[in-house]
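Peer 1: Counting with this note's numbering, you get residues 1 to 251 for the letters of the sequence shown.
Backbone N, C-alpha and C fix where the C-beta goes; we use that ideal spot for every residue, glycine too.
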Amino acid sequence: MQGQDAIIALAEELAAATRIALFTGAGISTESGIPDFRGPGGLWSRNKPINFNDFIRSEAMRREAWRRKFATEATLRAARPNRGHRACAHLVAHGRAGAVITQNIDGLHQDSGIPDAQVIEVHGNATYAHCLDCRTRYELAAIRVDFERDGSLPHCRWCNGIVKTATVSFGQAMPVAEMRRAEAETLAADLFVVLGSSLVVYPAAGLPVLAKRNGARLVIVNREPTEMDELADLVIHDGIGDILGGALNLP
């Protein structure tokens, strides 16, 4: 389904729901100019992802990870929330959704006005770094100055632990607290709305199945088909900003 018919159908689903769970993936951020990691022109089309264990074991891999991070930082910094982000923020602000569960690491949901406490980042956040041992937060600007001056790798000033962007890398354990919150939000919903996820990265991609098994209706809004389309009550292959923004009558 696409276009005006899709907008009307989604508006009806939203109006009938008492508690909505929003689950966002790369598709909502591509509308802000951030390339999909897996898509054409994405980072993984040019560089094989660095495994977490390799990052820990090898200074060379850590240096390469930081080089890639700062090479792509300008794109992330330039991105702004789009109509889809603002529509999610509207649903949270009006109590229709308790939180946004997101696979994205760009911080655009927070930039759209959703409080940190109501954004569940199951894959972490690339806009800052933290110590892998004591979890002390570090801002990227200072790390970049040292790295670009002489290739210095960041270490924690408190415990000398390895500092890494606050993202979940391949081979790294999923954040337990965030996954528990995501599951609780899923089980509390009577409508689970997927926005821009291909639903291939687990365990997060299992949340729509959990919602459906718990009796919630499932809506998938994604430009391309997903493997879970047959499970959904409504499937929309169209832009997120136009469809969700249109369903909520937002500019």
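#1: Could you check whether alanine 9 and leucine 234 sit closer than 9 Å to each other, using their CB atoms as the reference points?
#2: Which residue wins for smallest C-alpha separation from alanine 16, given the options Val122, His109, Lys48, Asp190?
#3: Is the region 161-169 close to the region 128-148, with three or more CB pairs under 8 Å?
#4: Using only alpha-carbon positions, find the residue among Arg63, Thr75, Cys88 that is nearest to asparagine 249.
#5: When you compare only the Cα positions, how much space is there between alanine 71 and leucine 108?
#6: Give the secondary structure of lysine 164 by DSSP, where H, G and I count as helix, E and B as strand, and everything else as coil.
#7: Could you tell me which of Gly27, Ser152, Phe170, Arg68 sits nearest to aspartate 54, measuring between CA atoms?
#8: Below 8 Å on the Cβ atoms is my contact criterion, and I expect alanine 79 with glycine 33 to pass it. Report the Cβ-Cβ distance as a whole number of Å.
#9: Specify, as a first and last residue, the run of the beta strand (DSSP E) that valine 221 falls within.
#10: What's the C-alpha gap between arginine 63 and arginine 217?
#11: Verify whether the separation of the beta carbon atoms of threonine 186 and asparagine 222 is less than 9 Å.
#12: Could you spell out the range, first to last residue, of the beta strand (DSSP E) harbouring phenylalanine 192?
#13: Taking all protein chains shown into account, decide if tyrosine 138 is buried (16 or more other Cβ within 10 angstroms of its Cβ) or exposed.
#14: Leaving out the 5 sequence neighbours to the left and right, which residues in its chain are closer than 8 Å to glycine 3 when beta-carbon positions are compared?
#15: Measuring CB to CB, does methionine 174 end up less than 9 Å from valine 122?
#16: Compare the beta carbon distance of threonine 75 and glycine 124 with 9 Å and say whether it is the shorter of the two.
#17: Pull up the CB-CB distance for valine 219 and glutamate 13, whole angstroms please, since I reckon it's below 8 Å.
#18: For threonine 102, count neighbouring Cβ atoms within 10 angstroms of its own Cβ and tell me buried if that reaches 16, exposed if not.
#19: Rounded to a whole number of angstroms, what is the C-alpha to C-alpha distance between glycine 245 and aspartate 150?
#20: Which runs of the alpha helix (DSSP H) at least 4 residues long sit entirely within the region 116-168? Give them in chain order.
#21: As a quick exercise: from Glu224, Ala60, Ile240, Ile105, pick the residue whose alpha carbon is nearest that of arginine 77.
#22: Measuring CA to CA, which of Ile20, Ile50, Ala65 is closest to isoleucine 143?
#23: For a test of the three-state rule: what should DSSP assign to valine 92, helix, strand or coil?
#24: Going by C-alpha to C-alpha distance, which of Thr127, Glu178, Thr18, Pro225 sits closest to histidine 94?
Peer 2: On the basis of the data shown:
#1: Along the sequence shown, one-based indexing puts residue 234 at 234. Along the sequence shown, one-based indexing puts residue 9 at 9. Yes. Within cutoff.
#2: For the purposes of this step, residue 16 is identified with residue 16 of the sequence shown, where counting begins at 1. Taking the Cα of alanine 16 as reference, the smallest distance to any Cα among Val122, His109, Lys48, Asp190 is reached at Asp190.
#3: Contact holds between the region 161-169 and the region 128-148, because three or more Cβ pairs, one in each stretch, are under 8 Å apart.
#4: Locating residue 249 in the sequence shown gives position 249, counting from the first residue. Nearest C-alpha to asparagine 249 among Arg63, Thr75, Cys88: Cys88.
#5: Here residue 71 is taken as the residue at index 71 of the sequence shown, counted from 1. Here residue 108 is taken as the residue at index 108 of the sequence shown, counted from 1. Between alanine 71 and leucine 108, the C-alpha separation is close to 19 Å.
#6: Locating residue 164 in the sequence shown gives position 164, where the first residue counts as 1. In this structure, lysine 164 counts as strand in the three-state DSSP scheme.
#7: Position 54 of the sequence shown holds residue 54. Measuring from the Cα of aspartate 54, the nearest candidate turns out to be Phe170.
#8: Within the sequence shown, numbered from 1, the residue matching residue 79 stands at position 79. Within the sequence shown, numbered from 1, the residue matching residue 33 stands at position 33. Yes, alanine 79 and glycine 33 are in contact; Cβ-Cβ is about 5 Å, under 8 Å.
#9: As a first step, residue 221 must be located in the sequence shown, where it is residue number 221. It spans 217-221 - the beta strand (DSSP E) in which valine 221 sits, taken as one unbroken run.
#10: As a position in the sequence shown, residue 63 is number 63, starting the count at 1. As a position in the sequence shown, residue 217 is number 217, starting the count at 1. When rounded, the distance between both Cα atoms is 45 Å.
#11: Here residue 186 is taken as the residue at index 186 of the sequence shown, counted from 1. Here residue 222 is taken as the residue at index 222 of the sequence shown, counted from 1. Against a cut-off of 9 Å, the Cβ pair of asparagine 222 and threonine 186 comes out as no contact.
#12: Taking the first residue of the sequence shown as position 1, residue 192 is located at position 192. For phenylalanine 192, the enclosing beta strand (DSSP E) stretches over residues 191-195.
#13: Within the sequence shown, the letter at position 138 stands for residue 138. Sixteen is the threshold: when 16 or more other Cβ atoms of the shown chains lie within 10 Å of the Cβ of tyrosine 138, as they do, the residue is buried.
#14: On the sequence shown, position 3 is the one that residue 3 refers to. The beta carbon of glycine 3 is closer than 8 Å to those of Asp238 in its chain, skipping five residues each way along the sequence.
#15: Numbered from 1 along the sequence shown, position 174 holds the residue referred to as residue 174. Numbered from 1 along the sequence shown, position 122 holds the residue referred to as residue 122. Cβ distance < 9 Å, so methionine 174 and valine 122 count as in contact.
#16: By one-based count along the sequence shown, residue 75 stands at place 75. By one-based count along the sequence shown, residue 124 stands at place 124. Their beta carbons are not under 9 Å apart, which means threonine 75 does not touch glycine 124 by this criterion.
#17: Start at 1 with the first residue of the sequence shown, and residue 219 comes out as number 219. Start at 1 with the first residue of the sequence shown, and residue 13 comes out as number 13. Valine 219 to glutamate 13, Cβ: 6 Å. Contact.
#18: As a working mapping, residue 102 is identified with position 102 in the sequence shown. The residue in question, threonine 102, is buried, as its Cβ has 16 or more Cβ neighbours within 10 Å.
#19: As a first step, residue 245 must be located in the sequence shown, where it is residue number 245. As a first step, residue 150 must be located in the sequence shown, where it is residue number 150. Each residue's Cα considered, the two are about 47 Å apart.
#20: Runs found: 140-150.
#21: Taking the sequence shown and counting its residues from 1, the one referred to as residue 77 is at position 77. Restricting attention to Glu224, Ala60, Ile240, Ile105, the CA atom closest to the CA of arginine 77 is found in Ile105.
#22: Looking up residue 143 in the sequence shown gives position 143. Between isoleucine 143 and the set Ile20, Ile50, Ala65, the nearest pair of CA atoms involves Ala65.
#23: The residue labelled residue 92 in the question sits at position 92 within the sequence shown. Looking at valine 92 - three-state DSSP - the assignment turns out to be helix.
#24: For the purposes of this step, residue 94 is taken as residue 94 along the sequence shown, with counting starting at 1. Ranking Thr127, Glu178, Thr18, Pro225 by Cα distance to histidine 94 puts Thr18 first.
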